[in-house]
Amino acid sequence: GKQGQEEHEYLYWEFHEKKGRVALRQGQWKAVRYNVAADPDSPLELFDLSADPGETVNVADQHPEVVTKMNRQIKSARTASELPKFNFPLVRKGGSHGGVRKK
Numbered sequence: 001g002k003q004g005q006e007e008h009e010y011l012y013w014e015f016h017e018k019k020g021r022v023a024l025r026q027g028q029w030k031a032v033r034y035n036v037a038a039d040p041d042s043p044l045e046l047f048d049l050s051a052d053p054g055e056t057v058n059v060a061d062q063h064p065e066v067v068t069k070m071n072r073q074i075k076s077a078r079t080a081s082e083l084p085k086f087n088f089p090l091v092r093k094g095g096s097h098g099g100v101r102k103k
């Protein structure tokens, strides 16, 4: 049988650094939610990548129907991880070289 995820009409991803972000891309649109760790329902910012590939102009106010649709998709795309949480520091003493000193 077929395993894994079903195919979606969008791409969803999360970043946990910088207080957390989630994003969803569908066609010309990209929706981004910032500061997710503090406020999981913070407002979505919407970008029209066909007119603004650098994502400099938030057009959420001009396209509330797109924001509503993408917000619904984000909520349905999010699934809990089955992986155990890391329980160790991400950076060892000595900085990014893992404590190894250069001679």
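Numbering (our numbering), first residue to last: 1 to 103. Glycine included, C-beta positions come from ideal geometry on N, C-alpha and C. Remember, it's a predicted structure, so these values are computed and weren't measured experimentally.
Which of the three DSSP states, helix, strand or coil, is assigned to residue i?
i   : result
E17 : coil
V22 : strand
V32 : strand
D52 : coil
E7  : coil
Could you work out which residue in the options is closest to residue i when comparing CA atoms only?
i   : options               : result
E17 : K30, A38, L24 and R25 : A38
N35 : V22, E65 and P53      : V22
E55 : S76, A31, D61 and E9  : A31
S42 : E7, E65 and K75       : K75
Under 7 angstroms between the Cβ atoms of residue i and residue j?
i   : j   : result
Q28 : L44 : no
R25 : L46 : no
A77 : V67 : no
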